[in-house]
């Protein structure tokens, strides 16, 4: 099934809150995405001290369902940048890919299942890692 990710910002002290019954790998993926965003913050329309005075809360709905794995990294990165900049994410796309600390998007497994889940949810555009194109 398709995972949804939500991110909000609020005044605070730079805390990163993760909820939604996340496993260790998914928590690491969220922390990596946040660190990557901090590393490129000069290139984004952000307050340079956002990480000192803004809390970020990332939530994966359906909290009773355990979630794990790195492939939501690009979705987490996109959701957090959207929350910080106020630029909305298109609702008609899905995305998958592991994000590294330097912003590279790594290939993922289960592409067929993920694209089929998106299709079943009415999504016609799925952003995938370049290295997964040959899996289509």
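In the UniProt record's numbering, the protein residues as written are 1 to 136.
Heads up, the beta-carbon is just placed ideally off N, CA and C, and yes, glycines get one too.
query, result
"Can you give me the C-alpha to C-alpha distance between residue 19 and residue 59, rounded to a whole angstrom?", "5 Å"
"Could you round the C-beta distance between residue 67 and residue 21 to whole angstroms and report it? I think they count as a contact, below 8 Å.", "6 Å"
"Roughly how many angstroms separate the alpha carbons of residue 50 and residue 91, rounded to a whole number?", "26 Å"
"Taking 8 Å as the threshold (C-beta atoms), are residue 89 and residue 97 in contact?", "no"
"Do you know how far the Cα of residue 53 is from the Cα of residue 47?", "9 Å"
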